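Below is one structure, written out as structure tokens; comments come after it.
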Amino acid sequence: MAELPHNPAHSNQKPGQLRSRAWFDDPSNADMTALYLERYMNFGLSLEELQSGRPIIGIAQTGSDLSPCNRHHLVLAERVREGIRESGGIVLEFPVHPIQETGKRPTAGLDRNLAYMALVELLFGYPLDGVVLTTGCDKTTPACLMAAATVNIPAIALSVGPMLNGYYKGERTGSGTIVWKAREMLANGEIDYEEFIRLVASSAPSTGYCNTMGTATTMNSLTEALGMSLPGQAAIPAPYRDRQEAAYRTGKQIVEMVHADRKPSDILTREAFINAIRVNSALGGSTNAPIHLNALARHIGVELTIDDWQTYGRDIPLLVNLQPAGEYLGEDYYRAGGVPAVVNQLMQQGLIHEDALTANGKSMGENCAKLTIQDERVIRPFDQALSQSAGFSVLRGNLFHSAIMKLSVISRDFRDRYLSNPEDPEAFEGPVVVFDGPEDYHARIDDPELGVTEDTLLIMRGAGPNGYPGAAEVVNMRAPSSLLKRGIHALPCIGDGRQSGTSGNPSILNASPEAASGGNLAILETGDIVRVDLRKGTVNVLVSDEELAKRREALEARGGYGYPASQTPWQEMQRSVMGQLESGAVLEPAVKYQRIAQT
Ligand code: FES
Ligand code: MG
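Numbering (full-length UniProt numbering), first residue to last: 1 to 599.
Shown next as structure tokens:
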């Protein structure tokens with residue numbers, strides 16, 4: 001089929017001119033120019049402003065009542081506007097499809113790609129020369145970055161910042177992490193329902209996102225480590241005055257970036273991603289990070305695979321002492337120096353590509369050269385790390401092509417129980433109990449008939465991007481209450497879903513391909529013995545290839561593993577085009593659209 005020419009308003013940008021001029025100041029297209037102008041003037045912008053040639057800057061607003069983690073951006077945007085105005089820009093603020101990690105049913109995993117796709121349309125289709133991405137709650141950050149990557153107009157991220165520290169009876173309570181602890185206490189009869197709610201709520205004392213090193217703190221820290229925000233801003237707690245100042249400076253910076261034509265493709269290089277992988281290990285960052293960074297790399301066109309996380313990240317030590325891997329919370333992280341202090345430590349070991357360009361036009365090395373640790377209890381010097389080899393182990397075997405395990409959260413207790421075999425100190429094996437999705441797990445985990453013992457491996461399948469759909473954060477399963485009562489908290493879990501970044505469970509997760517997309521987890525049976533060898537990076541079910549082939553045949557005869565019917569149009573549409581977790585779970589047909597503002 002012959003291709004028709006594009007709408008001229010999108011393609012007549014003159015070299016050296018801002019793209020917004022094609023809307024607001026194009027005598028060769030007077031009809032359309034008049035139409036665009038009159039409507040943007042109708043709320044008070046003047047002809048003079050719109051035709052001045054001043055950059056038009058978007059504020060991609062992710063805050064709303066539906067997304068409380070990001071809601072404070074509604075306040076911060078005022079300071080962003082002041083920064084933009086003061087530097088000569090004109091502001092157009094607009095909403096981004098809201099995503100709330102904890103509030104969205106069946107899972108917020110559905111929404112990252114939806115917000116991405118919608119934001120691509122806004123950044124491409126409207127007269128924007130640059131954009132401030134207001135990031136925060138888990139998937140809002142990758143959704144915004146991915147869209148900026150695809151469109152490739154100058155873009156800078158502003159984190160909303162974590163909540164203040166939570167406390168309960170004098171102890172720090174970290175968001176998310178306390179939920180996993182509290183549900184064990186409730187199951188064990190140590191607290192009642194009312195205290196359970198009070199305990200969990202204590203971890204959310206102010207505006208902002210999760211104050212632990214969950215996916216939100218991880219992704220905002222990595223955004224900074226990638227160079228996509230101002231240095232030092234990711235860790236500032238939401239209510240602090242410094243956060244308002246960062247908003248103002250971010251507004252000023254984006255105008256400079258537009259004049260310099262500094263685009264995501266200049267910043268998001270392979271070196272920048274490797275920096276981020278290493279920083280992630282030092283942070284004890286979320287297992288969602290590989291999904292989101294691999295997705296971002298695909299949209300900007302940088303080669304990055306799940307194996308890079310092992311190659312560059314596995315052997316980096318844990319430096320940041322934040323829950324769930326450590327003890328502190330967001331305020332402590334900021335006071336200890338935040339991301340620059342971590343980068344600075346890695347720089348001293350030659351582990352950072354210092355030349356990587358950042359949003360402010362300086363290199364990562366220049367930004368972080370003088371920013372040292374301010375509190376060594378919270379951010380450890382490299383030679384006093386909390387643990388060695390704290391990155392992700394990438395595992396393979398006859399159950400999946402890849403899965404990852406977060407080594408920084410394996411507890412001493414777990415090591416002693418499972419990894420202390422003197423002949424094989426990094427291997428463990430045991431019989432599995434298989435659950436088909438989170439509902440099955442919740443219904444049966446405390447059933448004595450299951451026969452779960454301290455040697456059992458718990459399996460969660462049907463929780464991947466097609467199975468759930470969107471991939472649920474459910475692989476971190478608690479032990480049955482009978483074991484909790486005996487003081488056994490952590491059983492190894494394996495699954496094709498995700499796990500909350502706030503969980504410290506020893507899980508092997510993000511297994512790809514998932515059961516619902518042909519993965520062998522679908523033919524695993526309760527009672528099978530699975531062997532995990534962390535040193536070799538293998539996970540294998542100890543049944544013969546013939547037996548696996550027979551089970552595979554029987555599965556195919558039943559029509560495959562299957563998954564529940566879609567409940568919404570988006571669930572159905574996304575299922576037909578979404579890839580697996582190891583390659584970013586992106587909308588596969590979107591990947592070929594790159595740097596589209598330049599076409
Ligand atoms: Fe939004 Fe954790 S639920 S950041
Ligand atoms: Mg989460």
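Just so you know, even glycine gets a beta-carbon here, dropped at the ideal spot from N, CA and C.
Computed from a prediction, not measured in an experiment: that's the story for all the values here.
The ligand FES heavy atoms versus the CB of residue i: any closer than 8 Å?
i    : result
S202 : no
Y209 : yes
E101 : yes
C144 : no
A234 : no
D138 : yes
G214 : yes
T502 : yes
S64  : no
G88  : no
S175 : yes
C493 : no
C69  : yes
Nearest by alpha-carbon distance to residue i: which of the options is it?
i           : options                   : result
G16         : P239, V258, L164 and E121 : V258
G451        : P480, G470, T134 and R377 : P480
L313        : L346, G326, Y328 and P324 : Contrary to the premise, residue 313 reads as Gly rather than Leu in this sequence. Among L346, G326, Y328 and P324, the Cα nearest to that of G313 is on L346.
G115        : T135, S286 and G527       : Reading the sequence as shown, one finds Ala at residue 115 and not Gly. Answer by Cα proximity: T135.
M163        : Q580, Y328, Y561 and R417 : Y328
N360        : Y168, R262, S28 and L47   : R262
Q253        : R85, P290 and M477        : R85
R71         : T538, T107 and I99        : I99
L293        : V96, S503 and R270        : R270
T102        : L371, T538 and V474       : V474
residue 623 : S389, S363, R535 and P317 : What the structure shows of the chain is the stretch from 1 to 599, and residue 623 is not part of that stretch, so it cannot be assessed.
D308        : P290, V539 and S202       : P290
R531        : V200, V543 and G464       : V543
I488        : K181, G44 and G89         : K181
A77         : S159, A143 and D138       : S159
T218        : S175, N280 and A247       : N280
Q348        : G464, G285, G365 and T568 : G365
Y563        : F24, A471, Y168 and A443  : A471
Y248        : F392, G83, L395 and A147  : G83
L230        : G109, T358 and G337       : T358
residue 600 : S566, G537, N520 and Q574 : No answer is possible for residue 600: the residues shown for the chain start at 1 and end at 599.
Helix or strand or just coil, what does DSSP make of residue i?
i           : result
P8          : Confidence in P8 is poor, its pLDDT being 46 and thus under 50, which makes the residue's placement unreliable; the coordinate value appears in the next sentence. P8 falls in the helix class under three-state DSSP.
S507        : strand
N29         : helix
R19         : coil
residue 616 : One cannot answer for residue 616 here, as it falls past the ends of the chain, which runs 1 to 599.
Q349        : coil
F43         : coil
T150        : helix
M185        : helix
G365        : helix
V586        : coil
A385        : coil
D192        : coil
Y334        : helix
L581        : helix
A157        : strand
A490        : coil
T135        : strand
N540        : strand
P106        : coil
V591        : coil
R270        : helix
T173        : strand
At which residues does the alpha helix (DSSP H) containing residue i begin and terminate?
i    : result
Q571 : P569 to R575
R415 : R412 to Y418
G83  : H73 to E86
S482 : S481 to L484
Between which two residues does the beta strand (DSSP E) containing residue i stretch?
i           : result
Q244        : Segment R241 to A260 is the alpha helix (DSSP H) holding Q244; no beta strand (DSSP E) there.
Q61         : I56 to Q61
M405        : S402 to K406
R595        : No beta strand (DSSP E) contains R595, which DSSP labels as neither H nor E.
G495        : C493 to G495
residue 624 : Summary: the structure shown does not reach residue 624, with the chain confined to residues 1 through 599, and so no result is reported for it.
D533        : I529 to D533
For chain D, check one thing: does any of its Cβ atoms lie closer than 9 Å to the Cβ of residue i?
i    : result
N288 : Checking the listed chains, one finds no chain D in this structure; it contains a single protein chain.
For the ligand FMN, I want to know if residue i counts as a neighbour, meaning its beta carbon is within less than 8 Å of at least one of the ligand's heavy atoms.
i    : result
R270 : No copy of the ligand FMN appears in this structure; the ligands present are the ligand FES and the ligand MG.
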